[in-house]
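Heads up, the thing below is written out as structure tokens.
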Amino acid sequence: MDQPGTAQRSDPAATPRDQEEESVHRALERYYRAGKPPWDTGVTPPELITLVEGHDAVPPGRALELGCGTGTNAIYLARHGWEVAAVDLIDRAVDRARERAEAAGVTVRLLHGDATRLDELDVPGPFDLFFDLSCYCGIPPHRRDAYAAGLTQRAAPGARLLMFGYGPEPVGNPVPEVASWAAGVTADELHARFAGWELLDVTPGTNSVPTFWFTLRRDA
Ligand SMILES: C[S@@+](CC[C@H](N)C(=O)[O-])C[C@H]1O[C@@H](n2cnc3c(N)ncnc32)[C@H](O)[C@@H]1O
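Below is the structure:
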């Protein structure tokens with residue numbers, strides 16, 4: 001493991017991205033440049049706390065967070081004995097996550113890169129837990145098979161994937177220039193895309209628009 005909060009840089013800009021990926025990237029950068037994005041609450045969701053500390057807690061192992069933002073949940077996992085790697089597309093988010101991990105005195109392997117191009121990063125796994133809080137549901141649909149393949153290749157037998165996602169946008173796209181953000185995520189889609197995984201649970205979120213917590217388990 002690297003030193004506390006070590007940020008490892010790949011160069012996502014080196015990989016040619018298509019127009020839709022570019023608009024997602026630009027929109028995300030705008031959010032982080034403007035200051036604290038609206039999703040950056042600094043609060044670990046109870047669903048992750050239950051998985052880590054609850055009655056049937058998963059014992060600590062290796063975790064990979066996809067779309068870690070400024071690191072709240074990667075830091076939480078590290079504090080609870082997990083060996084954590086965490087990836088985000090936006091360098092400002094990763095830089096902030098590194099500062100926060102250092103301040104917290106925990107070791108988190110922070111990677112600037114693309115969750116749909118994990119082969120470009122040094123994250124061989126195998127991982128026992130994947131955590132995704134609202135990253136996958138914003139990824140352009142044509143990149144999602146690559147995301148699923150990357151996790152499947154790196155999953156230990158029986159690994160969990162805990163994912164929170166927005167459902168398909170029912171009333172039009174809130175950010176019209178990013179067409180794929182209206183796609184959201186559904187249980188049917190995950191079931192179809194994650195071959196070799198069992199969809200264990202789907203629990204609706206408490207938001208005013210449709211959201212879901214999905215739990216998947218890689219076949220043993
Ligand atoms: C809605 S934000 C949530 C951030 C963080 N999980 C949180 O809850 O604070 C989605 C995050 O996923 C990141 N992201 C989006 N697409 C990504 C990709 N292809 N690879 C890695 N990170 C990505 C964004 O930069 C952003 O930080």
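The UniProt record's numbering numbers the first residue of the sequence shown as 1 and each following residue consecutively. In this text, a Cβ means the ideal position worked out from N, Cα and C, and glycines have one as well.
Check                                                                                    : Outcome
CA nearest to the CA of THR215, picked from ASP40, THR50 and GLU169                      : THR50
Residue range of the unbroken beta strand (DSSP E) whose run includes GLU120             : Note, GLU120: premise wrong, no beta strand (DSSP E); not H, not E.
DSSP beta-bridge partners of ALA34                                                       : Partner(s): none; ALA34 has no beta bridge.
Under 8 Å between C-beta atoms of PRO126 and ALA155                                      : yes
Exposure of VAL43, with buried meaning 16 or more beta-carbon neighbours within 10 Å     : exposed
Same chain only: Cβ atoms within 6 Å of GLU198, ignoring 5 sequence neighbours per side  : ARG217
Helix, strand or coil at THR72 [DSSP, three-state]                                       : helix
Nearest residue (CA-CA) to THR72, options GLY61, VAL108, ASP91 and ARG117                : VAL108
Backbone secondary structure at VAL24 - three-state DSSP                                 : helix
Cβ-heavy atom distance, SER134 to ligand 1, below 7 Å                                    : yes
Pair within 8 Å by beta-carbon distance, THR70 and ARG33                                 : no
THR186 CB to nearest heavy atom of ligand 1 below 7 Å                                    : no
Best match in VAL58, VAL52, ARG117 and PRO60 for proximity to GLY67 [C-alpha to C-alpha] : ARG117
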